[in-house]
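Reviewing the structure listed below.
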Amino acid sequence: MHKRLIWVFVILIFIVACKKDNAGSNAPQITPVQSTIKADWGDEIILTGKNIPLDASVFFGENQATVISNNGSEIRCIVPNSFDDQLTTSVYIKYKDQTIELKNYITLNAPLITSFTPTQAIGDTVIIKGNHFSTFKLHVKFGDTEAKVVGLSKQSLKVLVPDDIKSIHTTISVTSQLQTALAGSTFEVLKPVITNITPEAFIGDKVVITGKYFHPLGPFFVYLDDEQVGATIENNGVISFNVPYKTYPGRKTTIKIKLLEYEVTYPVDLKIKDNWVMVSKGIPFSAYNATPLIIGSQVYVVAQIKGFRDDGFYLWHFNQTDFSWTKIGNPITTVKGSYRVGTNESKIYLYNSNGPDTFYECDPTSGTWTTKANFIGPQRNDPVMFGIGGKLYMGAGAHYVDNIRKSIDDWYVYTPATNTWAQIADMRKGFEDGYPMALAQSVVINNIAYVLCGGWFEGYKYNPAANTWTGIQNALEPRTQVGVVAYKNKIYTLKGYLVQNVGNSNRDIFSYDPASDHWEFEPVKVDPYSDELDFAFISGGKIYMLSYDASESQNNLYEALMLP
6 MHKRLIWVFV
16 ILIFIVACKK
26 DNAGSNAPQI
36 TPVQSTIKAD
46 WGDEIILTGK
56 NIPLDASVFF
66 GENQATVISN
76 NGSEIRCIVP
86 NSFDDQLTTS
96 VYIKYKDQTI
106 ELKNYITLNA
116 PLITSFTPTQ
126 AIGDTVIIKG
136 NHFSTFKLHV
146 KFGDTEAKVV
156 GLSKQSLKVL
166 VPDDIKSIHT
176 TISVTSQLQT
186 ALAGSTFEVL
196 KPVITNITPE
206 AFIGDKVVIT
216 GKYFHPLGPF
226 FVYLDDEQVG
236 ATIENNGVIS
246 FNVPYKTYPG
256 RKTTIKIKLL
266 EYEVTYPVDL
276 KIKDNWVMVS
286 KGIPFSAYNA
296 TPLIIGSQVY
306 VVAQIKGFRD
316 DGFYLWHFNQ
326 TDFSWTKIGN
336 PITTVKGSYR
346 VGTNESKIYL
356 YNSNGPDTFY
366 ECDPTSGTWT
376 TKANFIGPQR
386 NDPVMFGIGG
396 KLYMGAGAHY
406 VDNIRKSIDD
416 WYVYTPATNT
426 WAQIADMRKG
436 FEDGYPMALA
446 QSVVINNIAY
456 VLCGGWFEGY
466 KYNPAANTWT
476 GIQNALEPRT
486 QVGVVAYKNK
496 IYTLKGYLVQ
506 NVGNSNRDIF
516 SYDPASDHWE
526 FEPVKVDPYS
536 DELDFAFISG
546 GKIYMLSYDA
556 SESQNNLYEA
566 LMLP
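Under our numbering, the residue at position 98 of the sequence shown is numbered 103, and the numbers go up by one with no gaps.
Encoded structure:
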């Protein structure tokens with residue numbers, strides 16, 4: 006009996022031992038790996054083992070993965086986007102209150118660029134080939150400029166060349182899976198091409214530039230003679246702009262497009278069709294009350310250096326090729342009061358109202374000034390001077406009687422050959438208390454002198470052969486400091502200061518026909534932005550008007566091919 010109990014006890018011990026062995030063999034297990042595996046965000050990976058609970062969860066760091074399937078020996082799951090911004094992370098299989106850790110189990114693949122479209126225009130699509138591209142935290146840059154991604158797969162990207170790209174040569178970079186890959190070669194923006202432009206236009210007209218590789222939002226700029234103008238990039242093949250009011254020295258302008266480091270110049274200039282064109286800005290002398298002097302084909306002005314009123318009066322020569330003015334000789338420094346200049350088409354003469362020497366002659370070839378016989382008439386301000394037949398005529402203007410400004414209408418002739426003065430017929434009688442003929446302009450047509458625009462409506466003509474003055478038809482508007490030229494046997498007045506606001510300041514040009522003694526308004530606009538004060542002359546068959554404001558902050562030279 007005792008032996009049987011011993012055998013029962015042995016059998017029980019054996020059964021318990023077998024149950025313990027079975028319990029150990031049923032515990033969940035994950036097959037270990039020899040090293041870290043490589044993967045991409047979004048990849049499907051397989052974790053193998055045995056006795057894996059079907060409700061087990063998988064975490065990459067703290068980020069739970071999506072489990073596709075679990076059959077107890079194999080878990081299929083998706084690598085989640087981002088795991089705490091770590092390139093390498095541990096994987097955790099969790100079930101009930103148990104956790105299996107696979108330490109530093111997975112490392113993200115680095116992105117790889119194998120090729121890309123090497124050249125393209127701004128706004129166009131570049132295809133980047135490679136691997137390990139992921140949409141999460143994806144950045145594509147051209148240099149430092151972010152590009153828009155319009156197509157994505159693991160091995161290919163489609164991106165747009167950014168509008169605000171900083172250089173025509175840049176390196177493409179792709180940041181994916183917390184790592185950045187650089188392209189092995191440089192990307193190049195395509196150089197714009199101009200195929201055609203509007204050949205000619207009026208100021209204010211629309212000009213169209215056609216070509217390719219433009220882009221509406223790209224950093225394109227249009228220049229006319231190196232001055233930037235406002236332009237519209239209409240599409241990839243068209244740029245347009247309106248011809249601005251600016252200087253056009255040769256009645257044409259060179260069109261240039263700039264894109265980053267690129268400069269593209271069209272070889273044929275745009276022609277300006279306007280009759281009146283501004284050809285230069287700024288002059289070196291004070292234009293106030295200056296008078297243009299024509300000797301042969303040359304144009305001169307006697308004036309002070311701009312901004313230096315005490316430096317004397319220089320002779321200035323006009324260069325029509327570049328519209329510049331050049332000083333000739335030394336200044337005349339004795340002029341202190343009102344002055345007036347004129348020419349007999351050989352020499353230049355200056356009247357100085359405040360003496361003691363009142364009359365000077367200048368040789369235009371050297372700019373040398375010589376004192377001549379003093380003026381024999383009463384002292385006056387703002388007289389008129391003109392030359393006919395080698396002689397010089399001067400008169401009119403204003404003087405002061407008991408501190409009251411009044412007209413003075415006597416006239417005199419100077420003969421250079423004898424250096425003498427003689428009095429001639431008075432221009433008018435009975436105007437001692439009337440409007441002075443001051444700052445008037447004069448022109449000579451067929452040896453008849455015309456004096457006009459002296460501050461009121463009146464004008465007069467002088468016939469030296471008969472020594473007679475005759476009134477002409479009153480001007481339509483009273484103006485002073487006006488440009489006056491003789492053109493095709495007519496007299497034209499250009500702009501000028503409107504006296505006592507009588508008239509219309511928007512009218513620019515009037516003409517006078519000596520044959521019919523008739524004034525007429527010419528509905529021609531010189532420039533809506535030009536100033537009202539000016540002087541005018543003709544050189545090389547072209548008409549020039551130099552406008553200035555009272556402060557002389559602006560001086561614009563305009564050129565016309567013809568007058569009405």
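Backbone N, C-alpha and C fix where the C-beta goes; we use that ideal spot for every residue, glycine too.
Decide if the stretch 89 to 109 is in contact with the stretch 191 to 210; the criterion is three or more beta carbon pairs, one per stretch, under 8 Å apart. Remark: fewer than three beta-carbon pairs, one from each stretch, lie closer than 8 Å, so the stretch 89 to 109 and the stretch 191 to 210 are not flagged as touching.
Would you tell me roughly how many angstroms separate the C-alpha atoms of I393 and T203, rounded to the nearest one? Separation of I393 and T203 (C-alpha to C-alpha, rounded to the nearest whole angstrom) is 49 Å.
When burial is assigned at 16 or more other CB atoms within 10 Å of the CB, is R2 buried or exposed? Given that the chain is displayed from residue 6 to residue 569, the structure contains no residue 2 and the question cannot be resolved.
Take F540 as the anchor and find which of L499, S558 and E564 has the nearest alpha-carbon. Comparing Cα-Cα distances from F540 to each of L499, S558 and E564, the minimum goes to L499.
Any alpha helix (DSSP H) of 4 or more consecutive residues that is wholly inside the stretch 511 to 548: Complete alpha helix (DSSP H) runs here, min 4: none at all.
Taking only three categories from DSSP, how would you classify V166? Note: V166 maps to coil in three-state DSSP.
Please report the distance separating the alpha-carbon of W330 from that of L275. Spanning the two alpha carbons is a distance of roughly 27 Å.
Measuring only the C-alpha atoms, how far is G553 from S510? The residue asked about is misnamed: residue 553 is Tyr in this sequence, not Gly. In a straight line, the C-alpha of Y553 is about 15 Å away from that of S510.
Kindly give me the distance between the Cβ atoms of Y218 and A152, rounded to whole angstroms, as I take these residues to be in contact under 8 Å. Actually they are not in contact, since the Cβ atoms of Y218 and A152 sit about 17 Å apart, beyond 8 Å.
Which of the three DSSP states, helix, strand or coil, is assigned to Q478? Q478: coil per DSSP, three-state reduction.
Quick check on V487: does DSSP put it in helix, strand or coil? Reduced to three states, the DSSP call for V487 is coil.
Inter-residue spacing [alpha-carbon to alpha-carbon] between G464 and I548: Each residue's Cα considered, the two are about 23 Å apart.
State yes or no: is the C-beta of G508 within less than 8 Å of the C-beta of T485? Cβ distance not < 8 Å, so G508 and T485 don't count as in contact.
Do you know how far the Cα of P224 is from the Cα of L457? Distance between the alpha carbons of L457 and P224 is about 55 Å.
Who are the Cβ neighbours of T180 in its own chain at under 6 Å, not counting the five residues just before and after it? Residues of the same chain with a CB within less than 6 Å of the CB of T180, apart from the 5 flanking positions on each side, are H144 in chain order.
Is the stretch 205 to 219 in contact with the stretch 246 to 256, if contact means three or more CB pairs nearer than 8 Å? When Cβ pairs closer than 8 Å are counted between the two stretches, the stretch 205 to 219 is seen to touch the stretch 246 to 256, the count reaching three or more.
Considering Cα atoms alone, identify which of N408, L165, A378 and A401 is closest to P421. Comparing Cα-Cα distances from P421 to each of N408, L165, A378 and A401, the minimum goes to A378.
Within a Cβ cutoff of 6 Å, which residues of the same chain sit near T572, ignoring the five residues on either side of it in sequence? Summary: the structure shown does not reach residue 572, with the chain confined to residues 6 through 569, and so no result is reported for it.
What residue from A471, L444 and W461 has the CA that sits closest to N452's CA? Answer by Cα proximity: A471.
So N136 packs on K159, CB below 8 Å; how close in whole Å? The pair is a contact, with the Cβ atoms about 7 Å apart (cut-off 8 Å).
At which residues does the beta strand (DSSP E) containing R345 begin and terminate? Run containing R345: Y344 to T348, per the beta strand (DSSP E) assignment.
Residue interval of the beta strand (DSSP E) (run including H322): Residues F318 to N324.
By Cβ distance below 7 Å, which residues in the same chain neighbour A445 in space, the five residues on each side in sequence not counted? Within the same chain, A445 has close Cβ partners V389, A401, V456, L457, C458 and G459.
What separation, rounded to the nearest whole angstrom, lies between the Cα atoms of A188 and I118? Each residue's Cα considered, the two are about 6 Å apart.
Separation of S285 from Y563, as counted between CA atoms: When rounded, the distance between both Cα atoms is 7 Å.
Determine whether the beta carbon atoms of G77 and I57 lie at a separation below 8 Å. Yes, they are a contact pair.
Where the beta strand (DSSP E) containing S412 begins and where it ends: Segment I409 to S412, the beta strand (DSSP E) holding S412.
Considering only residues of the same chain and omitting the five flanking positions on each side of A28, which have a CB-CB separation below 6 Å? Because the pLDDT of A28 is 46, which lies under 50, any placement of that residue in the model is unreliable, and the question is left without a value.
Between the Cα of I111 and the Cα atoms of T124, T130 and S87, which residue gives the shortest distance? Of T124, T130 and S87, the residue nearest in Cα terms is S87.
Start and end of the beta strand (DSSP E) containing N240? Counting along the chain, the beta strand (DSSP E) containing N240 begins and ends at T237 to N240.
Less than 8 Å between the beta carbons of G334 and L320, yes or no? Yes. Within cutoff.
Run through DSSP, which three-state label would N506 get? Here N506 sits in helix by DSSP.
Would you please verify whether the beta carbon of P421 is less than 8 Å from any beta carbon of chain C? The structure shown contains no chain C, having only a single protein chain.
When we look at the beta-carbon of D387 and count the other beta-carbons within 10 Å, is it buried (16 or more) or exposed? So D387 counts as buried.
Checking 8 Å against the spacing of the C-beta atoms, do V72 and V63 come in under that value? Yes.
Rounded Cβ spacing between S120 and K108 (contact assumed at less than 8 Å): 38 Å between Cβ atoms; not a contact.
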